[in-house]
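What follows is a set of notes on a single structure, which appears directly below.
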Amino acid sequence: MNPITRFLFELQEITNLLWRAMKGLRKKPRYFPEIVNQMDAIGVGSVGIVVLTGFFTGGVLVLQAYPTLEYYGAQSNVGQGIAASLIRELGPVLSALMVAGRVGSAISAELGSMVVSQQIDAMRALGTSPVRKLVTPRVIALLVALPLLTITADIAGLIGGGLVAKQLFGLDINTYISSVRTGTNVNDIVAGMIKPIVFGGIIGLVSCYKGLSTTGGTVGVGLSTTQAVVSSSINIIIADFFLSKILQSALSSTLF
Amino acid sequence: MTYDGLEIPANLLPDEWDVNDAIDADDPEKGRLVPAVEFRNVDLAFDDQVILSDVSFMVGRGETRFVLGGSGTGKSTVIKLVLGLIKPDAGQVFVEGEEITHLDDVELVRIRKKIGMVFQDGALFDSLSVYDNVAYRLHEARVPEDEVEHEVVRMLQFVNLEDAIDKMPIELSGGMRRRVGIARALVGNPSIILFDEPTAGLDPPTARTICELAIKLRDIEDVSSIFVTHEMNNLEYIGSEYAVLDREGNVHYELAGKTYCLINTKIMMLLKGDIWFTGREEELRASEDSYIRKFIRGK
Chain A
38 MNPITRFLFE
48 LQEITNLLWR
58 AMKGLRKKPR
68 YFPEIVNQMD
78 AIGVGSVGIV
88 VLTGFFTGGV
98 LVLQAYPTLE
108 YYGAQSNVGQ
118 GIAASLIREL
128 GPVLSALMVA
138 GRVGSAISAE
148 LGSMVVSQQI
158 DAMRALGTSP
168 VRKLVTPRVI
178 ALLVALPLLT
188 ITADIAGLIG
198 GGLVAKQLFG
208 LDINTYISSV
218 RTGTNVNDIV
228 AGMIKPIVFG
238 GIIGLVSCYK
248 GLSTTGGTVG
258 VGLSTTQAVV
268 SSSINIIIAD
278 FFLSKILQSA
288 LSSTLF
Chain B
47 MTYDGLEIPA
57 NLLPDEWDVN
67 DAIDADDPEK
77 GRLVPAVEFR
87 NVDLAFDDQV
97 ILSDVSFMVG
107 RGETRFVLGG
117 SGTGKSTVIK
127 LVLGLIKPDA
137 GQVFVEGEEI
147 THLDDVELVR
157 IRKKIGMVFQ
167 DGALFDSLSV
177 YDNVAYRLHE
187 ARVPEDEVEH
197 EVVRMLQFVN
207 LEDAIDKMPI
217 ELSGGMRRRV
227 GIARALVGNP
237 SIILFDEPTA
247 GLDPPTARTI
257 CELAIKLRDI
267 EDVSSIFVTH
277 EMNNLEYIGS
287 EYAVLDREGN
297 VHYELAGKTY
307 CLINTKIMML
317 LKGDIWFTGR
327 EEELRASEDS
337 YIRKFIRGK
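Given below as structure tokens:
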């Protein structure tokens with residue numbers, strides 16, 4: 038299969054998986070406890086890495102931007118730049134990439150192992166739809182958890198930036214907070230919340246698809262795990278560009 | 047039409063079994079006329095490789111059908127077709143008289159409730175305890191927990207594993223995993239059990255235990271089964287012994303011919319997509335066919 042045919046085939050299969058996962062919500066059983074478990078594993082379990090990523094990204098942004106802004110005498114505006122870049126871009130993208138690495142790999146490996154050990158066949162033989170039982174809860178958990186994780190990363194990043202600005206450069210914290218507030222508007226927040234919803238869908242669907250299409254025993258599990266993380270990450274970065282453009286056009290014409 | 051090498055008169059083989067007639071009839075024995083599983087002219091190929099070619103056979107009620115054959119001859123495919131996990135390219139598959147070939151996954155749930163499946167390595171859910179594995183079907187059906195517990199204990203007693211109820215699958219030996227797999231397959235009292243090489247890689251005593259469970263299911267529980275294997279000792283046990291209950295309710299295994307004849311076990315051998323042999327154990331062992339001789343004796 039050539040790469041273009043394979044891409045189109047996978048796109049078709051992932052779209053089909055999305056359709057079946059959403060259909061799973063219409064009828065009973067709906068597996069709400071499973072959705073809650075996945076939210077705990079995906080959401081609560083990822084708070085640590087997301088906070089660390091956000092905190093140090095905010096810190097390094099200030100570290101790099103402050104000397105340049107100081108050169109122009111605009112150091113009091115440092116929070117404005119940090120807030121804009123974190124909330125619009127870095128918060129959603131970095132959170133999604135971290136979750137893709139941590140959760141996407143786990144989902145793909147778990148489902149892949151279940152395929153090669155015939156647990157998926159056993160589930161179907163016992164009258165349960167694996168899509169409804171395994172895919173729907175994971176995708177929903179990611180759709181809900183990733184925006185919340187992004188907010189956490191944004192807040193941690195702003196705190197990290199503030200600490201660096203105060204401790205290393207001696208900027209007054211009230212000046213920093215005021216500048217952050219000036220640099221944050223509703224458009225940024227809305228865009229920053231829509232992106233992680235899309236990214237969550239990408240991570241969930243790509244990882245579940247890669248896991249469920251595993252072949253070739255334990256080697257295949259390793260391969261599908263790698264593919265899940267790489268494919269999710271690339272798709273997140275590509276989607277971010279197009280989403281930014283679409284949201285920029287849409288939000289600037291409708292809001293403020 | 048030819049089934050299992052026998053010519054069946056057309057008047058004994060209607061186009062489609064009337065399940066309701068058979069099941070609702072005053073005479074419960076009438077229901078037994080409908081085969082548990084039936085393949086009619088089934089073809090299946092993966093890419094250019096032919097797996098099954100015009101395969102037709104029936105498994106009667108209470109019958110055990112051995113499916114023998116080397117690796118890659120389509121043995122496990124037969125089981126997957128019965129469960130509807132894969133669809134044939136042509137032909138029809140019937141389960142208790144109902145054609146399942148064109149049913150979707152939602153409709154197949156109803157059919158799969160009648161079938162228990164024992165996988166090669168047990169295929170237990172690693173994240174669930176033995177209790178939850180065996181109770182899986184009941185939990186899915188939202189059965190009250192006290193009923194679930196009663197049924198799980200009963201099934202684990204059947205496979206002599208009630209002490210393992212709280213263990214995780216990782217703590218079990220290979221033989222115990224298969225027995226838990228059997229207990230899980232038996233929940234809901236399915237009328238058909240499918241065994242996919244259930245003794246592969248097990249030591250002889252454990253393999254014997256698994257075979258005894260299959261004999262018990264056939265002779266005491268009246269369950270129909272398809273037993274896929276390439277191990278001849280499975281055939282030796284199940285094809286030549288039957289189970290009887292004594293007055294105290296204990297199960298004994300006797301050799302066929304001692305008191306009763308064994309008529310509810312048949313063998314089917316697959317080769318190159320075709321049914322190469324059908325018959326009874328002694329006919330298989332007496333066969334002069336070079337492939338069968340090689341399969342039985344290894345040379």
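If you're matching them up, the sequences are chains A and B in order.
Residue 38 is where the first sequence starts when you use our numbering, and the numbers rise one by one after that.
Residue 47 is where the second sequence starts when you use our numbering, and the numbers rise one by one after that.
In this text, a Cβ means the ideal position worked out from N, Cα and C, and glycines have one as well.
Grouping DSSP H, G and I as helix and E and B as strand, with all else coil, what is residue 136/A?
Correct three-state label for residue 136/A: helix.
Compare the Cα-Cα distances from residue 249/A to each of 289/A, 144/A and 70/A and report the closest residue.
The residue with the shortest Cα to Cα distance from residue 249/A is 144/A.
Chain-ordered neighbours of residue 161/A on chain B, where CB pairs are closer than 7 angstroms
Chain B residues near residue 161/A: 131.
Considering only their Cβ atoms, is the gap separating residue 204/B from residue 229/B smaller than 9 angstroms?
A contact, by the Cβ cut-off of 9 angstroms.
Taking beta-carbon pairs under 9 angstroms, can you tell me which members of the stretch 165 to 179 of chain B lie near chain A?
For the stretch 165 to 179 of chain B, the beta-carbon criterion of a distance under 9 angstroms to any beta-carbon of chain A is satisfied by 165, 166, 167, 168, 169, 170, 171, 172 and 173.
Touching by the beta-carbon criterion (3+ pairs, under 8 angstroms), the stretch 296 to 304 of chain B and the stretch 124 to 141 of chain B:
At 8 angstroms Cβ cutoff, the stretches do not touch.
Reference residue 84/A, options 190/A, 75/A and 48/A, closest by Cα:
Each of 190/A, 75/A and 48/A was checked against the Cα of residue 84/A, and the nearest Cα belongs to 190/A.
Could you round the C-beta distance between residue 239/B and residue 271/B to whole angstroms and report it? I think they count as a contact, below 8 angstroms.
Separation of the CB atoms of residue 239/B and residue 271/B is rounded to 4 angstroms, and the pair is thereby assigned contact status at 8 angstroms.
C-beta contact flag for residue 98/A and residue 205/A at 9 angstroms:
No. Outside cutoff.
Give me the chain B residues within the contact set of residue 155/A, using Cβ-Cβ distance strictly less than 8 angstroms, ordered along the chain.
Residues of chain B with a Cβ closer than 8 angstroms to the Cβ of residue 155/A are, in chain order, 165, 166, 167 and 169.
Residue 94/B: contacting residues in chain A (beta-carbon distance under 8 angstroms):
Under the 8 angstroms cutoff, chain A gives no residues; its nearest Cβ is about 16 angstroms from residue 94/B.
Does chain B have any CB closer than 9 angstroms to the CB of residue 158/A?
At least one chain B Cβ lies under 9 angstroms of residue 158/A.
Where residue 126/B falls: helix, strand or coil (DSSP)
Here residue 126/B sits in helix by DSSP.
Going by other Cβ atoms of all chains shown within 10 Å of its Cβ, with 16 needed for buried, is residue 241/B buried or exposed?
So residue 241/B ends up on the buried side.
Is the CB of residue 82/A under 9 angstroms away from at least one CB in chain B?
Interface annotation, residue 82/A: not in contact with chain B, CB-CB separation never under 9 angstroms.
Nearest candidate by alpha-carbon position, reference residue 270/A, set 237/A, 199/A, 96/A and 55/A
Out of 237/A, 199/A, 96/A and 55/A, 237/A has the C-alpha closest to the C-alpha of residue 270/A.
I want to verify the contact list: residues of chain B whose CB lies under 7 angstroms from the CB of residue 166/A, in sequence order.
Going along chain B in sequence order, the residues near residue 166/A (Cβ under 7 angstroms) are 151.
Which residue or residues does DSSP assign as beta-bridge partners of residue 237/B?
Answer by DSSP bridge pairing: none, since residue 237/B is not bridged.
For residue 225/A, which of helix, strand or coil comes out of DSSP?
In the three-state reduction of the DSSP assignment, residue 225/A falls in the helix class, which pools H, G and I.
Any residues in the stretch 62 to 86 of chain A with a beta carbon nearer than 8 angstroms to a beta carbon of chain B? Which ones, in chain order?
Here the close residues are 66.
Could you tell me whether the stretch 111 to 130 of chain A touches the stretch 208 to 224 of chain A, using the rule of 3 or more Cβ pairs below 8 angstroms?
Short answer: they touch.
Taking 9 angstroms as the CB-CB limit, is residue 150/A close to chain B?
By this cut-off, residue 150/A is an interface position.
When you compare the CB positions of residue 255/B and residue 225/B, do they come within less than 9 angstroms of one another, or not?
At the C-beta level, residue 255/B and residue 225/B come within 9 angstroms of one another.
Integer-rounded CB distance, given that residue 40/A should sit under 8 angstroms from residue 129/A
With 8 angstroms as the limit, residue 129/A and residue 40/A do not qualify as a contact, their Cβ atoms being about 28 angstroms apart.
I want to verify the contact list: residues of chain A whose CB lies under 9 angstroms from the CB of residue 183/B, in sequence order.
Chain-order list of chain A residues neighbouring residue 183/B: 163, 164 and 165, by C-beta distance under 9 angstroms.
Please tell me whether residue 299/B and residue 258/B are closer than 9 angstroms, where the distance is taken between their beta carbons.
Contact flag set, yes.
So which residues on chain A does residue 155/B lean against when the C-beta distance must stay under 7 angstroms?
Taking a Cβ-Cβ cut-off of 7 angstroms, the neighbours of residue 155/B in chain A comprise 164, given in sequence order.
Please check the pair residue 149/A and residue 262/A, which I expect to be a contact at CB under 8 angstroms, by giving their CB distance rounded to whole angstroms.
Correct: roughly 7 angstroms between the Cβ atoms.
Reduced DSSP category for residue 301/B - H, G, I as helix; E, B as strand; rest coil:
Of the three classes helix, strand and coil, the one that applies to residue 301/B here is strand, per DSSP.
Can you check the stretch 85 to 154 of chain B for any alpha helix (DSSP H) of at least 4 residues that lies completely inside it and give the ranges in chain order?
Runs of the alpha helix (DSSP H) inside the stretch 85 to 154 of chain B: 121 to 129.
DSSP beta-bridge partners of residue 278/A:
In DSSP, residue 278/A forms no bridge with anything.
Residues that residue 158/B contacts on chain A, provided the C-beta gap is smaller than 8 angstroms
Neighbours of residue 158/B on chain A, chain order: 161, 162, 163 and 164.
Please tell me whether residue 161/B has its Cβ less than 9 angstroms away from any Cβ of chain A.
Residue 161/B counts as touching chain A.
Residue 67/B by DSSP, collapsed to three states: which one?
Its pLDDT being 48, under 50, residue 67/B is placed unreliably by the model, and the measurement read from it follows with that caveat. Collapsing the DSSP output to three states places residue 67/B in a helix.
Strictly under 9 angstroms for the Cβ-Cβ distance: is residue 186/B near chain A by that measure?
Answer yes: the Cβ-Cβ gap between residue 186/B and chain A drops below 9 angstroms somewhere.
If you draw a straight line from the alpha carbon of residue 249/B to that of residue 112/B, how long is it in whole angstroms?
Straight-line Cα distance between these residues: approximately 20 angstroms.
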